[in-house]
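This report concerns only the one structure given below.
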Amino acid sequence: MKDNNENSYEGRIIIVSNRLPIVVRKESDNIEIERGSGGLITALAPVLKDRGGKWIGWPGITEEERIDISQALAEANEDVGYDLEAVVLTQEEVNNYYYGFSNEILWPLFHDLQSRCNYEPRYWELYRKVNRKFAEKIESTVKTDDFVWIQDYHLLNCARELRTLGVRSKLAMFLHIPFPPLDIFLKLPWRYQLLENLLYYDLIGFQTIRDRVNFIDCLRRFFRGVQIEGRGQVVLGKTADREFRIGVFPISIDYSEFEKAARSQQVADRAWYLHEKYPERKIILGVDRLDYTKGIIQRLKAFENAIERFPELRGKVSFVQVVVPSRINVPEYFELKQEIERLTSEINGRFTTSGWVPIHYVFRSLDRDDLVALYRTAEIALVTPLKDGMNLVAKEYCASNIEEDGVLILSEFAGAAPEFKDHALLVNPHDIVGVADAIYQAFTMDIEERRARMKPLREIVRENDVFYWVDSFFKGALSRDLKSFPVVKDYVPR
Ligand code: ADQ
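Residues in the sequence shown are numbered consecutively from 9, following the numbering used here.
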């Protein structure tokens, strides 16, 4: 956080998220804690260290497992330079609050996939209970001067619980996933309570203008006479008894880390090896967590459509689809994995010739250098979620594409679309023929146009990296002057 007069702030920073940024491992009798990585942690760590800050979250183990992590956590605290504090959950809480309300209701609903929601009343009960549990943990440590920054859809009720407990510190929420349109949000049985609880935050941050517009539409429906003041990145909302800010902060990545990794010898070696493995071929890359929102099935069909309609692609492209295992013990996710594998082998069975396999499917987490090598080498990135809060893969691809000759095909429903709309090939991920046409357009695009598109994309990510994001969020919460925020325009699909 910049310490100029406008935003100067004396208190500590307390970050709260569903998961702590650590992985707990039990090796026979030893408990080991591995530090997490990723842009958010990299960006927040220096601020937390500076301020003697804290990160509060669930360490990923349950009460029933009876694993005492206090010693290992104390050692990890020394190591990271700020405090990690654990909220331990029971198995029942994990099942109902995390798998239930968060992932069977909020996740599909907020991604416009309402038919996948399971509105089990017990889920809401336990969601409230666990939010209260988090609030009690925060209350036990927070001081009035502290700034409490709560992350994401698992903890939407926290601010209200904290105010009920008498906490007076500044409270902010950042929603990493989209906020749905009014007619979809209306399906939620607890719509009014959830919305009202959100108004107890001093700042509610969204990824895109569209999310904020949706949120304000919902407010207008439930809080007659709600007023919205200002038209910049941060606006002020007023209901009869509450005042709160609503901001737009598109999240980003640590650009220089990706760029540096892409220039390293290890990555150059791996990139060279990839080219050897796929000689004379353009690599089309897909990288996703296993999730039905990522549009992997539709993407495979679009690729099939492309090689069917444009025979000159055959033998000339290799589609590398990397899927990171996620929520695999949830039946829906396991079924999705099976469907991806079935479709991949069907397409490969149909088109493989001696010397050419169209789809290379990888189901595991890749280490950073392998991932960056793929980003650096792939001529085309296919990022086609059905809906996505932001999609960091699109930004990581641009940052790593140091030869500046790659083409980004991007879903217009990704949060990254408004920033990238002028230089990526924007597609509707449901339009299989349209995505196939974009693949062909990218394949045949000349080098001048590829450079003319990739250069500004990289510039956008470089200028708006994750450090900028953290800084602007703090400014959104703490700056006194609303007029200091730029006016932002919405992106409207053609
Ligand atoms: P996610 O849904 O997880 O995040 P995304 O933004 O794409 O989606 O981030 C995925 C991350 O996983 C990337 O950093 C990527 O590098 C990593 N990853 C993907 N495949 C990998 C692989 N095979 N091996 C190793 N790492 C891999 C949620 C929201 C998004 C929002 C982010 C941040 O759903 O919309 O952009 O939070 O706010």
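All C-beta atoms in this analysis are idealised placements derived from N, C-alpha and C, irrespective of residue type, glycine included. From a predicted model like this one, the values you see are computed outputs, not experimental measurements.
- Residues near E312 in its chain [Cβ-Cβ closer than 7 angstroms; skip 5 each side]: I355
- Item | the region 22-29 / the region 156-169 touching (three or more Cβ pairs under 8 angstroms) | yes
- Rounded separation between V415 and D445 - CA only: 14 angstroms
- Message: Which residues does DSSP list as the beta-bridge partners of Y369?
- Response: Q329
- Tell whether a beta-carbon distance below 8 angstroms holds between L134 and Y107. no
- Using 8 angstroms as the threshold, is the region 410-425 in touch with the region 65-84, meaning 3 or more CB pairs across them? no
- Cα-Cα separation, P188 to I39: 41 angstroms
- Any chance the region 218-231 sits against the region 146-160, with 3 or more Cβ pairs inside 8 angstroms? no
- Report the option in T98, D76, K62 whose CA atom is closest to the CA atom of N85. K62
- Item | Start-to-end residues for the alpha helix (DSSP H) that takes in N313 | 304-317
- Closest by CA to R278, which one among D299, C226, L374? L374
- Query: Rounded to whole angstroms, how far is the Cβ of D262 from the Cβ of V474, which I believe are closer than 8 angstroms?
  - Reply: 5 angstroms
- Query: Closest to D219 by CA distance: which of C406, F257, G245 is it?
  - Reply: F257
- Nearest CA to the CA of L56: which residue from V156, Q201, Q449? V156
- When the Cα atoms are used, what is the spatial distance from D87 to Y405? 31 angstroms
- Message: I believe I30 touches G46 by the beta-carbon criterion, under 8 angstroms. Please report the beta-carbon distance rounded to the nearest angstrom.
- Response: 12 angstroms between Cβ atoms; not a contact.
- Task: Taking only the alpha-carbon atoms, compute the straight-line gap between E251 and Y476 and give it to the nearest angstrom.
- Result: 26 angstroms
- Query: The beta strand (DSSP E) with N85 in it runs from where to where?
  - Reply: Taken as a continuous stretch (DSSP letters only), N85 belongs to no beta strand (DSSP E), being part of the alpha helix (DSSP H) at 78-88.
- Query: Using DSSP with H/G/I as helix, E/B as strand and the rest coil, what is L97?
  - Reply: strand
- What residue does the alpha helix (DSSP H) around L207 start on, and which one ends it? Segment: none, L207 is in no alpha helix (DSSP H) and carries neither H nor E.
- Item | Residue from L179, R461, N337, V338 whose Cα sits closest to the Cα of D413 | R461
- Could you pull the start and end residues of the beta strand (DSSP E) that S25 belongs to? 21-27
- Task: Please find out if some non-hydrogen atom of ligand 2 comes closer than 7 angstroms to the beta-carbon of D37.
- Result: Annotation note on ligand 2: not contained in the displayed structure, which lists ligand 1 as its ligands.
- Cα separation between V495 and G255? 11 angstroms
- Query: In this structure, does DSSP put T70 in helix, strand or coil?
  - Reply: strand
- Measuring CA to CA, which of E101, T152, L121, S123 is closest to R136? E101
- Query: CB-CB under 6 angstroms to G323, same chain, minus the five flanking residues each way: which ones, in chain order?
  - Reply: W364
- Which residues bound the alpha helix (DSSP H) around A389? Run containing A389: none in the alpha helix (DSSP H); it sits in the beta strand (DSSP E), 388-391.
- Item | Residue environment, N139, which counts as buried when at least 16 other CB atoms sit within 10 Å | buried
- Neighbour-count burial assignment, D299, 16 or more Cβ in a 10 Å radius: buried
- Task: Check whether the Cβ of N222 lies closer than 7 angstroms to any heavy atom of ligand 1, and answer yes or no.
- Result: no
- Confirm the yes/no value for this check: CB of N26, any heavy atom of ligand 1, distance under 7 angstroms. no
- Please specify which runs of the alpha helix (DSSP H), each continuous and at least 4 residues long, are wholly inside the region 371-440, giving them in chain order. 376-385, 400-408, 425-428
- Item | Helix, strand or coil at L338 [DSSP, three-state] | The amino acid occupying residue 338 in the given sequence is Val; Leu does not appear at that position. If DSSP states are grouped into helix, strand and coil, V338 belongs with coil.
- Task: Can you grab the Cα-Cα spacing for the pair Q159 / A381, in whole Å?
- Result: 31 angstroms
- Check whether the Cβ of L296 lies closer than 7 angstroms to any heavy atom of ligand 1, and answer yes or no. According to the sequence shown, residue 296 is Asp rather than Leu. Flag set: Cβ of D296 near ligand 1.
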